[in-house]
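Sequential numbering of the sequence shown, starting at 0, is according to numbering that gives the first Met the number 0. Down below is the structure, laid out as structure tokens.
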Amino acid sequence: MRTPMRSTISFICLLLVSLTGCSADQYSYNDGVKVQTSANATPRFAFVTNGVADFWILAGKGVEDAASDLGIDASFHMPPDGLADQKRIIEDLMVKGVNGI
């Protein structure tokens, strides 16, 4: 008797958690910055590597292909000067308001 009840409760909790933010038009981050979104806006994502290497060139091609398949805007960044450059790129992308990094 307890197992079906637990399964049902677990399913309901999972369903509620997954539906919580489905139709939000505004997101609030921990620092209080609010970003308006639009249902018609194309999502913008960025892929930032941890350095320059031949492997990342292949990954960049994958990012381009996935963006095309999914109908999103995606940019690919390889920081040539290491960690400091990577941090600068990520901060710039955050200021530009990309939807995901």
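Note that the Cβ used here is the ideal one computed from N, Cα and C, for glycine as well. No experiment lies behind these values; they were computed from the predicted model shown.
Residue interval of the alpha helix (DSSP H) (run including residue i)
i: Asp-64; result: 53-69
Limits of the unbroken beta strand (DSSP E) element including residue i
i: Asp-80; result: Premise fails: Asp-80 is in no beta strand (DSSP E) and is neither H nor E.
i: Ala-40; result: Ala-40 -> no beta strand (DSSP E), and no H or E assigned at all.
Proximal residues to residue i (C-beta, below 7 angstroms), its chain only, five neighbours per side dropped
i: Ile-89; result: Val-47, Ile-100
i: Asp-53; result: none
i: Val-97; result: Arg-43, Phe-44, Ala-45
Residues sharing a beta bridge with residue i, DSSP
i: Asp-72; result: Arg-43
i: Gly-99; result: Phe-44
Best match in the options for proximity to residue i [C-alpha to C-alpha]
i: Gly-108; options: Ile-11, Thr-7, Lys-60, Arg-43; result: In the structure as shown, the chain begins at 0 and stops at 100. Residue 108 is therefore absent and cannot be evaluated.
i: Pro-79; options: Val-97, Asn-49, Val-62; result: Asn-49
i: Lys-95; options: Phe-10, Ala-45, Lys-60; result: Ala-45
Neighbourhood of residue i by C-beta distance below 6 angstroms, restricted to the same chain and skipping five residues each side
i: Thr-7; result: none
i: Trp-55; result: Thr-48, Met-77
i: Phe-75; result: Phe-46, Gly-59, Val-62
i: Leu-57; result: none
i: Ala-73; result: Phe-44, Val-62, Ala-66
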